[in-house]
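Single-structure report; data block below.
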Amino acid sequence: GWMPDLNRSVAQAQQSRAFLEGVSGHLQSLKAGLSASLAGRSAAGVRVEETLSALGSTWADRTAASGGALDPQLRYTGPAAATRRFTVRGLDFPSLQQGDRETLALSVGPTGQRPLPVVVEPGLSERAIVQRLGQALSPANVSVLRDDQGQLTLAVSEEQWSAVRDTLAVKGGGKRFPTGQFHRVRAEPEADAVPVASWKTETVDDRKATLQGVLTSLDRVRDAQSAVGRALANAAAAVDASRPAQGAAWAATAAEAFEAAGAEGGYATRAALVSAVDGLNRPRVQSVLRER
Numbered sequence: 342g343w344m345p346d347l348n349r350s351v352a353q354a355q356q357s358r359a360f361l362e363g364v365s366g367h368l369q370s371l372k373a374g375l376s377a378s379l380a381g382r383s384a385a386g387v388r389v390e391e392t393l394s395a396l397g398s399t400w401a402d403r404t405a406a407s408g409g410a411l412d413p414q415l416r417y418t419g420p421a422a423a424t425r426r427f428t429v430r431g432l433d434f435p436s437l438q439q440g441d442r443e444t445l446a447l448s449v450g451p452t453g454q455r456p457l458p459v460v461v462e463p464g465l466s467e468r469a470i471v472q473r474l475g476q477a478l479s480p481a482n483v484s485v486l487r488d489d490q491g492q493l494t495l496a497v498s499e500e501q502w503s504a505v506r507d508t509l510a511v512k513g514g515g516k517r518f519p520t521g522q523f524h525r526v527r528a529e530p531e532a533d534a535v536p537v538a539s540w541k542t543e544t545v546d547d548r549k550a551t552l553q554g555v556l557t558s559l560d561r562v563r564d565a566q567s568a569v570g571r572a573l574a575n576a577a578a579a580v581d582a583s584r585p586a587q588g589a590a591w592a593a594t595a596a597e598a599f600e601a602a603g604a605e606g607g608y609a610t611r612a613a614l615v616s617a618v619d620g621l622n623r624p625r626v627q628s629v630l631r632e633r
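Okay, so the sequence shown: first residue is 342 according to the numbering used here, each after it adds one.
Quick look at the structure:
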């Protein structure tokens, strides 16, 4: 059968698997090079710099190379598109649960767009805060969630991330946020699973810190590889479940049903059957059977 979501998911999983293999290879080489450099082998420093450069180029291509299914934390999202998660100072559970009632106006996008209002008040549960902010920000395609660390977190598609980051503004009632005008707020993105741009190698301490970062990133990559492997296994199981029965008994039953439909049906049925088998002749069938 034609299962577009499954087909897309399999393609993304295969792309993601290849991307993760490449990242893992660079990280393993970087681990070996840093270890050698810390052990005093002079030539290792050159290899480390070359590997860092190659890893940086590979990581920069993450979105396209994974078919858009691996987010910056290497969470596999296929077939859905990956998102960028971020936090905003002041938009957190403790701040929104304390203080007086206040109406916040949120602005995302070009100046002049309709503000997105949300009312916060003391005693609100975390679930209620997530719901209210989520409803307010949904027109801007920004979702709201409570992450694994219990933080109030916002998320937007990676394609829209730069626009949201550069335009998000809040106007309050003078309690949690200033009143009068919209004030730009800083969107702090979740750190990348492979923060190669922050890794340094100039000093021994730099190389030690980078080596620790490489080991942590390798764990993230292994977790992602496991998730992608499960996605491919689930896809294979779905394909197996949808595959028709095979064998001579099935073919005989199918042939009898086809013959009965042609014999008992009226003009419309026979017209459909004729269209279906038009151009289907014995040599063509035999050719297909020989291919198998």
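Backbone N, C-alpha and C fix where the C-beta goes; we use that ideal spot for every residue, glycine too. This structure is a prediction, so every number in the text was calculated from the model and none was measured.
Status (buried if at least 16 other CB within 10 Å, exposed otherwise) for residue i
i: K512; result: buried
i: R548; result: buried
i: L556; result: exposed
i: T494; result: buried
i: P480; result: exposed
i: A359; result: exposed
i: A568; result: buried
i: S628; result: exposed
i: S394; result: exposed
i: G381; result: exposed
i: G409; result: buried
i: A582; result: exposed
i: R403; result: buried
i: G554; result: buried
i: T551; result: buried
i: V562; result: buried
Sequence-distant residues of the same chain with beta carbon closer than 7 angstroms to residue i, five excluded per side
i: G514; result: E443, T444, T520
i: P420; result: D346, R349, S350, Q353
i: F518; result: G431, L445, V511, K512, H524
i: Q439; result: P463
i: E531; result: P413, Q414, R426, F427
i: Q522; result: K512
i: R506; result: A528
i: A637; result: Because residue 637 is not part of the residues shown, which for the chain are 342 to 633, the question remains open.
i: G475; result: S484, V485
i: S558; result: L368, A534, V535
i: Q501; result: N482
Chain-order list of residues whose beta-carbon lies under 8 angstroms from that of residue i (same chain, five-residue window excluded)
i: A565; result: S357, L361, L411, L415, R416, Y417, A534
i: T399; result: F360, G363, V364, H367, A406
i: N622; result: none
i: D488; result: R426, T494
i: A596; result: none
i: K372; result: L552, V555, L556, L559
Close-in-space but distant-in-sequence residues of the same chain around residue i (CB under 6 angstroms, 5 per side omitted)
i: V461; result: L437, E443
i: K541; result: D547
i: G386; result: S378
i: D441; result: K516
i: R388; result: G374
i: R633; result: In this predicted model, R633 has a pLDDT of only 49, less than 50, meaning its place in the structure is not dependable; the value taken from the coordinates is given anyway. No residues qualify anywhere along the chain.
i: D433; result: L493
i: N575; result: none
i: S466; result: none
Whole-number beta carbon distance between residue j and residue i, since they are thought to touch under 8 angstroms
i: R473; j: V459; result: 5 angstroms
i: S370; j: T392; result: 5 angstroms
i: V485; j: V471; result: 5 angstroms
i: T544; j: G450; result: Actually they do not touch by this definition, with Cβ atoms about 44 angstroms apart.
i: E499; j: A423; result: 6 angstroms
i: G397; j: A590; result: That pair is no contact at about 58 angstroms.
Bridge-paired residues (DSSP) for residue i
i: E443; result: V461
i: V511; result: L447, H524
i: S484; result: A496
i: R425; result: V497
i: L411; result: Y417
i: P530; result: F427
i: L432; result: V429
Min CB distance residue i to chain B below 7 angstroms
i: S628; result: Within the model displayed, chain B is absent; a lone protein chain is all it includes.
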